[in-house]
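Here's the structure, in structure tokens; my notes come after.
In the numbering used here, the protein residues as written are 10 to 371.
Pasting the structure below:
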């Protein structure tokens, strides 16, 4: 690392300035937006805003850190455009190389690069298996933050970092719930999530709180607690109504969490019987399917519903329900930037095991 730093210091100031100006010109080029929102542009805009901030401010960042943001933006935009030529491959490799250098120096700006690769892993990798980059992010964050006070100070010093961390903790909770693994980040890390983030994905904060509690794998929770947590979401569904894209998305999120909570309650050994829970869960799955059929595929919330759709899919009981969920996964694959390539395959395997009596709900 010392040799790399010494080398970068020998570069003429004019050369560095020209390089940054060229990078800025590439970053500010306007991109054609797809007809179906892929909801990745918001994240790229976040990176672009941070790049402009460090260019215009007096922040003393290493050249490697500044180049990381530039190269990561180039890579991300290339991926969104669907480029698969030699230039796209080179862009990927350059971004990875820059990221490795910044990680070696333990600079927190590396979290921007890690989050970008995590984003594409969520979209393009095996569904739910996006924990690799999250472990790396947590390890790096631990070098700078051991408590909420440290974290608050770090995000205050680095503009946009709180938003980047929000994506990471969101991926952590959803991935943990899908895979049945433990959470990577602590509860105080999840404090970076704000109303703006929840609004962007269409998820009520209360529903996310339920997801977090379900993902904690706390064996001390009993049937009554799971039932109570689920009932809160059911009540909120009836209070909110279903007249807009946002309210329909909220139904899917709330039902997804309630389904898992009722499912776990149904595995208990007190009244009501598991059969009663099964009836309630079937009704909740119907609500998810109804909302999916009503929310437009072009809605900006549509592709974000993958986690509750997957959770509901673990409890389907009819072919009609399965067909509705199949349509959802196929729609996600047919949008401008395809997502979740093996999610339907995972569901089909699970359905096959349930039908054969090998498996039950998660």
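Every residue, glycine too, gets a C-beta built ideally from N, C-alpha and C.
Just so it is clear, the structure is predicted and the values come from calculations on it, not from any experiment.
Grab me the residues of residue i's own chain with a C-beta within less than 7 Å of its C-beta, minus the 5 sequence neighbours each way, in chain order.
| i | result |
| --- | --- |
| residue 131 | 139 and 180 |
| residue 333 | 298, 301 and 302 |
| residue 267 | 239, 242, 243 and 293 |
| residue 59 | 78, 121, 168 and 169 |
| residue 257 | 251, 300, 303 and 304 |
| residue 289 | 271 |
| residue 260 | 246, 251, 296 and 300 |
| residue 166 | none |
Rounded to the nearest angstrom, how far is the Cβ of residue i from that of residue j, given a contact under 8 Å?
| i | j | result |
| --- | --- | --- |
| residue 197 | residue 143 | Going by Cβ atoms, the distance from residue 197 to residue 143 rounds to 16 Å, so no, they are not a contact pair. |
| residue 352 | residue 136 | 4 Å |
| residue 56 | residue 158 | Between residue 158 and residue 56 the Cβ distance is about 27 Å, and since that is not below 8 Å, they are no contact. |
| residue 52 | residue 88 | Wrong, their Cβ atoms sit about 12 Å apart, outside the cutoff. |
| residue 147 | residue 194 | 6 Å |
| residue 348 | residue 310 | Contact flag wrong, Cβ pair sits at about 13 Å. |
| residue 350 | residue 342 | 7 Å |
Quick check: what's the CA-CA separation for residue i versus residue j?
| i | j | result |
| --- | --- | --- |
| residue 325 | residue 248 | 25 Å |
| residue 346 | residue 331 | 24 Å |
| residue 357 | residue 340 | 16 Å |
| residue 174 | residue 90 | 25 Å |
| residue 100 | residue 204 | 34 Å |
| residue 151 | residue 117 | 10 Å |
| residue 190 | residue 183 | 10 Å |
| residue 286 | residue 119 | 46 Å |
| residue 71 | residue 162 | 20 Å |
| residue 218 | residue 262 | 11 Å |
| residue 44 | residue 96 | In this predicted model, residue 44 has a pLDDT of only 38, less than 50, meaning its place in the structure is not dependable; the value taken from the coordinates is given anyway. Going by the C-alpha atoms only, they are around 26 Å apart. |
| residue 134 | residue 114 | 28 Å |
| residue 178 | residue 54 | 19 Å |
| residue 74 | residue 64 | 12 Å |
| residue 18 | residue 50 | Low local confidence applies: a pLDDT of 41 at residue 18 is under 50, so the model's placement there is unreliable, with the coordinate-based value given in what follows. Distance between the alpha carbons of residue 18 and residue 50 is about 34 Å. |
| residue 156 | residue 363 | 43 Å |
| residue 102 | residue 111 | 14 Å |
| residue 93 | residue 246 | 44 Å |
| residue 202 | residue 270 | 23 Å |
| residue 76 | residue 354 | 39 Å |
| residue 235 | residue 359 | 23 Å |
| residue 145 | residue 284 | 43 Å |
| residue 208 | residue 104 | 30 Å |
| residue 253 | residue 237 | 27 Å |
| residue 214 | residue 265 | 14 Å |
| residue 306 | residue 141 | 30 Å |
| residue 66 | residue 216 | 38 Å |
| residue 361 | residue 192 | 28 Å |
| residue 329 | residue 98 | 42 Å |
| residue 338 | residue 188 | 18 Å |
| residue 68 | residue 154 | 20 Å |
| residue 308 | residue 318 | 15 Å |
| residue 106 | residue 323 | 39 Å |
Hey, quick one: how far does the alpha helix (DSSP H) through residue i stretch, first residue to last?
| i | result |
| --- | --- |
| residue 245 | 232-249 |
| residue 148 | 140-151 |
| residue 54 | 50-65 |
| residue 203 | Here residue 203 belongs to no alpha helix (DSSP H), and DSSP marks it neither H nor E. |
| residue 319 | 315-322 |
| residue 84 | 72-89 |
| residue 189 | Unbroken run through residue 189: none, as it is neither H nor E. |
| residue 131 | 119-133 |
| residue 113 | 95-113 |
| residue 271 | 254-274 |
| residue 341 | 328-343 |
| residue 220 | 214-224 |
| residue 162 | 157-166 |
Could you name the residues of the same chain whose beta carbon sits closer than 6 Å to that of residue i, not counting the 5 residues immediately before and after it, in chain order?
| i | result |
| --- | --- |
| residue 164 | 170 and 171 |
| residue 336 | none |
| residue 83 | 100 |
| residue 291 | 326 |
| residue 8 | Absent from the model: residue 8. The displayed extent of the chain is 10 to 371, so no value can be given. |
| residue 199 | 178 |
| residue 62 | 168 |
Tell me which residues share the same chain as residue i and place their Cβ nearer than 8 Å to its Cβ, disregarding the 5 neighbours each side in the sequence.
| i | result |
| --- | --- |
| residue 186 | 220, 223, 224, 269, 316 and 320 |
| residue 149 | 112, 115, 117, 119, 120 and 123 |
| residue 108 | 77, 81, 119, 122, 123 and 126 |
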